[in-house]
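In my numbering, the protein residues as written are 1 to 310.
The structure appears below as structure tokens.
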Amino acid sequence: MSELHDLVDPSAVRLDVAATDWREAIRASGDLLVDTGAIGTSYVEAMVRTVEEHGPYIVITPGFALAHSRPDESVARTAMSFVRLAEPIAFGHESNDPVHLVMALAAADSAAHQAALAALAGVLADPDGRHALETASSPQEVLAALGAQDGPRPGTDSTAQAPATGSEAPPPSGTYGASQPADSTQAPAPTGGTDGAPADSAAGMDTAASADTVPSRQLILTVCGNGLGTSLFLKNTAEQVLDRWGWSPYLSVEATDTISAKGRAKDADVILTSGAIAQTLGDVGVPVEVIENFSSQPEIDAALRRLYAI
1 MSELHDLVDP SAVRLDVAAT DWREAIRASG DLLVDTGAIG TSYVEAMVRT
51 VEEHGPYIVI TPGFALAHSR PDESVARTAM SFVRLAEPIA FGHESNDPVH
101 LVMALAAADS AAHQAALAAL AGVLADPDGR HALETASSPQ EVLAALGAQD
151 GPRPGTDSTA QAPATGSEAP PPSGTYGASQ PADSTQAPAP TGGTDGAPAD
201 SAAGMDTAAS ADTVPSRQLI LTVCGNGLGT SLFLKNTAEQ VLDRWGWSPY
251 LSVEATDTIS AKGRAKDADV ILTSGAIAQT LGDVGVPVEV IENFSSQPEI
301 DAALRRLYAI
């Protein structure tokens, strides 16, 4: 898998770009990929249509948009571009507008960019990393902020710590949906079968579970319009939360698109997505949790604690 900085050609970085609306902002980021030979112009217009059809779900953190679409025949290779706007632009997102930073993603396949998106989530979640992107004075400083060199990023404090993201959760009890208050105490380890999966009779579970509680399907879906960009970004952050809880052996997180999500919803405990995509999905028979900031572990932590009643 490609590193984040490997996907961003220095010539695909532009600072203080003038744009009058979100369409111009997306096209500015896409045109940089056209100029490097990574994509054709049809992909640029496809990125614009994606927002027209699905809403501003690409605005995944405050002030940041990840423009992308489904791969088409014009995508020659997986690549990303970076645009910092001269003036913030409203994309129509209820809580994350206005947008100051835009990155365009063109994916030739579903695997090459997963590690890059995981790294990008880390950069955006780190106040120092975000500050470095917002104050970079050259493409080289942008690439350094994206991890192109070891050591502290330009203008950052190398001793800064990541923000706290909450306490460790008790291991899964095999059920979810109970309306209990969050509890920071740790429960005994699950006593499932030989494969280590949680069982309904796991230690620490209330044997008189309420009628609201149902067996866990051990699957979380993250959903976007195309299943290749923002859903993978959200998947990475959700997996970080599960890793911190120690739940990764028991729950899988899969990224998918809106069409597939409607068919697969019955196999999942919950769908994590944006407000715009949640409206597109409608009632799919399982909880749909709207996540505003896709790089926020605390926000996803809180959503999953509500669902799994911990």
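Even for Gly, the Cβ is constructed at its ideal location relative to N, Cα and C.
Fair warning: this is a prediction, and the values are worked out from it, not measured in the lab.
- Query: DSSP state of residue 82, grouped into three classes?
  - Reply: DSSP places residue 82 in strand when its eight states are reduced to three.
- Message: Can you tell me whether residue 223 is helix, strand or coil according to DSSP?
- Response: Residue 223 falls in the strand class under three-state DSSP.
- Could you check which residue in 302, 145, 144 and 75 has the C-alpha nearest to that of residue 104? 75
- Task: Would you list the one or two residues that DSSP bridges to residue 64?
- Result: 61 and 101
- Item | Spatial neighbours of residue 6 in its chain, beta-carbon cut-off 7 Å, leaving aside the 5 residues before and after | none
- Would you call the CB atoms of residue 102 and residue 25 closer than 7 Å? yes
- residue 36 (DSSP reduced to helix, strand or coil): coil
- Message: Spatial neighbours of residue 40 within its chain, please: C-beta separation below 6 Å, excluding the five flanking residues on both sides.
- Response: 74
- Query: Is the beta carbon of residue 81 sitting closer than 7 Å to the one on residue 117?
  - Reply: no
- Query: Measuring CA to CA, which of 137, 60, 86 and 87 is closest to residue 276?
  - Reply: 60
- Give the single residue among 270, 247, 248 and 245 whose Cα lies nearest to the Cα of residue 256. 270
- Message: Within the continuous beta strand (DSSP E) that includes residue 44, where are the two ends?
- Response: Looking at the DSSP string, residue 44 is not in any beta strand (DSSP E); the run it does join, the alpha helix (DSSP H), is 41-54.
- Message: Can you tell me whether residue 128 is buried or exposed? The criterion is at least 16 other CB atoms within 10 Å of its CB, across all chains shown.
- Response: buried
- Message: Cutting at 7 Å between CB atoms, please list the residues of its own chain near residue 44, excluding the five before and the five after it.
- Response: 27, 30, 31 and 34
- Item | 6 Å CB neighbourhood of residue 70 in its chain, flanking five on each side removed | 226
- If we call anything under 7 Å between Cβ atoms a contact, is residue 38 one with residue 86? no
- Message: Beta-carbon within less than 7 Å of residue 57's beta-carbon, same chain only, minus the 5 sequence neighbours each way: which residues are those?
- Response: The beta carbon of residue 57 sits closer than 7 Å to the beta carbons of 224, 225, 230, 274, 276 and 277 from its chain, once the five residues preceding and following it are set aside; these are given in chain order.
- Task: Tell me whether the beta-carbon of residue 100 lies closer than 7 Å to the beta-carbon of residue 55.
- Result: no
- Message: Between which two residues does the beta strand (DSSP E) holding residue 256 run?
- Response: 252-257
- Item | Where residue 267 sits in the DSSP three-state scheme | Under the three-state reduction of DSSP, residue 267 is assigned to helix.
- Message: With distance defined between alpha-carbon atoms, name the residue in 262, 83 and 107 nearest to residue 72.
- Response: 107
- Item | From 248, 252, 258 and 283, residue whose alpha carbon lies closest to that of residue 268 | 252
- Query: Among 286, 259, 260 and 239, which one has its Cα closest to the Cα of residue 216?
  - Reply: Distance from the Cα of residue 216 is smallest, within the candidate group 286, 259, 260 and 239, for 286.
- Query: Below 7 Å between beta carbons: does that hold for residue 47 and residue 67?
  - Reply: yes
- Return yes when the Cβ of residue 9 is within less than 7 Å of the Cβ of residue 36, no when it is not. Taking 7 Å as the cut-off, the Cβ atoms of residue 36 and residue 9 count as close.
- CB of residue 284 within 7 Å of CB of residue 262, strictly: yes
- Query: Closest to residue 83 by CA distance: which of 93, 135, 113 and 94 is it?
  - Reply: 135
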